[in-house]
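A.B. asks: Let me begin by handing over the structure; questions about it come next.
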Amino acid sequence: MIENDPSDDLRRLGEWLTEAGLELWVVRPHAGDELPADLEGYAALVVLGGEQQAYPLPDGSPGAQWFPAVEGLLRKAVRYRVPTLAVCLGAQLLATAHAGLVERSPSGPEIGPGVVGRRDAAENDPLFRYVPLIPDVLQWHSDEITELPRGATLLAASTRYPNQAFRLGDRAWGLQFHIECDTAMIADWAADSTLLADLGYDPELVVAACASVMADVEEVWQPFAARFAALALGELDDSTMRRGLPLLGH
């Protein structure tokens with residue numbers, strides 16, 4: 097599990113994956129941890145969010161010095177069918193690693209509780225097929241995946257932000273929204289957010305609104321995380337997915 101920012105740790109997602117049987121190893125490159133060269137010996141890859149941007153800075157340098165290495169691991173994960181879950185910034189890096197496009201969103205920031213709409217393609221997805229048609233999610237981002245990688249399958253969308261969830265190959269998922277947050281994490285973000293001030297949002301009201309949907313988010317995404325863990329452990333039958341399609345990187 098790659099933690100890109102200390103403000104966005106594994107939190108509830110880590111608890112759900114552990115309860116489902118996975119042993120977690122967290123790498124914190126922001127604190128100087130070295131990323132592995134490959135994914136040999138690992139059952140899955142999880143990439144978390146952060147305040148950085150997935151696209152290059154004005155001087156051409158990456159949003160964080162370790163992002164090229166993260167993108168390399170994401171490409172290897174898709175190529176070798178290592179189960180992968182990428183959240184918010186992680187999803188954006190999954191997209192950019194495969195020639196997708198991430199930009200500052202022309203629709204403006206998306207903050208707080210919301211819903212996304214499951215797409216028809218989710219019916220054949222081993223994780224999303226059991227997600228409700230309009231699941232609750234938590235949003236906190238200013239950037240947007242404006243173009244999905246070629247061959248990606250769109251699984252969830254919303255009116256302002258079309259690319260909310262997608263799959264690459266048959267075992268890598270990107271979620272633009274957050275499922276890992278608890279109320280304390282949201283409160284920490286709100287307390288130190290110039291973004292809320294710029295938008296004119298009351299931090300206390302934002303935290304309260306997020307807190308009010310925490311149980312609903314868990315109801316949907318804890319089973320989702322458990323299915324991801326089962327896939328990683330070889331305990332999930334994903335034979336319902338279509339076979340014979342080319343995978344990215346092959």
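Residue 97 is where the sequence shown starts when you use our numbering, and the numbers rise one by one after that.
Glycine residues also receive a C-beta, built at the ideal position from the N, C-alpha and C atoms.
Is Leu181 helix, strand or coil when you go by DSSP?
C.D. replies: Leu181 falls in the strand class under three-state DSSP.
A.B. asks: Taking the DSSP output, what are the residues bridged to Thr249?
C.D. replies: Looking at the DSSP assignment, Thr249 forms a beta bridge with Arg263.
A.B. asks: Between Val211 and the rest of its own chain, which residues show a CB-CB distance below 7 Å, the 5 nearest in sequence each way excluded?
C.D. replies: If we look at Val211 and ignore the five residues flanking it on each side, its Cβ neighbours are Ile230, Pro231, Asp232 and Val233.
A.B. asks: From Asp288 to Ser103, what distance separates their C-alpha atoms?
C.D. replies: Their backbone Cα atoms lie some 10 Å apart in a straight line.
A.B. asks: Taking C-alpha atoms, which residue in Thr242, Gly186, Ile98 and Arg263 lies nearest to Ala218?
C.D. replies: Among Thr242, Gly186, Ile98 and Arg263, the Cα nearest to that of Ala218 belongs to Arg263.
A.B. asks: Can you grab the Cα-Cα spacing for the pair Glu136 / Ala187, in whole Å?
C.D. replies: Taking the straight line from one Cα to the other gives about 22 Å.
A.B. asks: Please confirm whether Cys56 and Pro228 have their CB atoms less than 7 Å apart.
C.D. replies: In the structure as shown, the chain begins at 97 and stops at 346. Residue 56 is therefore absent and cannot be evaluated.
A.B. asks: Going by beta-carbon coordinates alone, are Glu276 and Arg107 separated by less than 7 Å?
C.D. replies: Yes, the pair counts as a contact, with Cβ atoms nearer than the cut-off.
A.B. asks: Given a cut-off of 7 Å on the beta-carbon distance, is the pair Ala191 and Pro245 in contact?
C.D. replies: Yes. Within cutoff.
A.B. asks: Could you check if Ser203 is buried or exposed, using at least 16 other CB atoms within 10 Å of its CB as the buried criterion?
C.D. replies: So Ser203 ends up on the exposed side.
A.B. asks: Any contact between the stretch 141-148 and the stretch 171-187? By contact I mean 3 or more CB pairs, one from each, below 8 Å.
C.D. replies: Output reads yes: the stretch 171-187 touches the stretch 141-148.
A.B. asks: Report buried or exposed for Tyr226, applying the criterion of at least 16 other Cβ atoms within 10 angstroms of its Cβ.
C.D. replies: That one is exposed.
A.B. asks: Measure the C-alpha to C-alpha separation of Leu327 and Leu118 and round it to an integer number of angstroms.
C.D. replies: If I take the Cα positions, the gap works out to 11 Å.
A.B. asks: Can you give the Cα-Cα distance for Arg200 and Asp134, rounded to whole angstroms?
C.D. replies: Answer to the nearest angstrom: the Cα atoms are 30 Å apart.
A.B. asks: Report the start-end ranges of each alpha helix (DSSP H) in the stretch 278-326 that is 4 residues or longer and not cut off at the edges.
C.D. replies: Runs of the alpha helix (DSSP H) inside the stretch 278-326: 279-287, 290-295 and 299-307.
A.B. asks: Excluding five sequence neighbours on each side, which residues of the same chain lie with their C-beta closer than 8 Å to the C-beta of Gly168?
C.D. replies: Within the same chain, Gly168 has close Cβ partners Ala193.
A.B. asks: With distances taken between CB atoms, is the gap from Ala252 to Ala261 smaller than 7 Å?
C.D. replies: Contact: yes.
A.B. asks: Could you work out which residue in Leu295, Pro205, Arg215 and Asp101 is closest to Val123 when comparing CA atoms only?
C.D. replies: The shortest C-alpha separation from Val123 is found at Asp101.
A.B. asks: Quick one: give me the first and last residue of the alpha helix (DSSP H) that Pro164 is part of.
C.D. replies: Segment Phe163 to Arg175, the alpha helix (DSSP H) holding Pro164.
A.B. asks: Quick one: what does DSSP say Gly110 is sitting in, helix, strand or coil?
C.D. replies: Three-state result, Gly110: helix.
A.B. asks: Would you check if the distance between the CB atom of Pro299 and the CB atom of Leu292 is smaller than 7 Å?
C.D. replies: In this structure, Leu292 lies closer than 7 Å to Pro299 by Cβ.
A.B. asks: Could you name the residues of the same chain whose beta carbon sits closer than 7 Å to that of Leu301, not counting the 5 residues immediately before and after it, in chain order?
C.D. replies: Same-chain partners within the cutoff: there are none.
A.B. asks: Under the three-state reduction of DSSP, which class applies to Pro125: helix, strand or coil?
C.D. replies: Helix at Pro125.
A.B. asks: Can you give me the Cβ contacts of Val129 inside the same chain, cut-off strictly under 7 Å, excluding the 5 residues immediately before and after it?
C.D. replies: What sits at residue 129 in the sequence shown is Asp, not Val. Val123.
A.B. asks: In the DSSP output, which residue or residues are listed as bridge partners for Gln235?
C.D. replies: Partner(s): Gly208.
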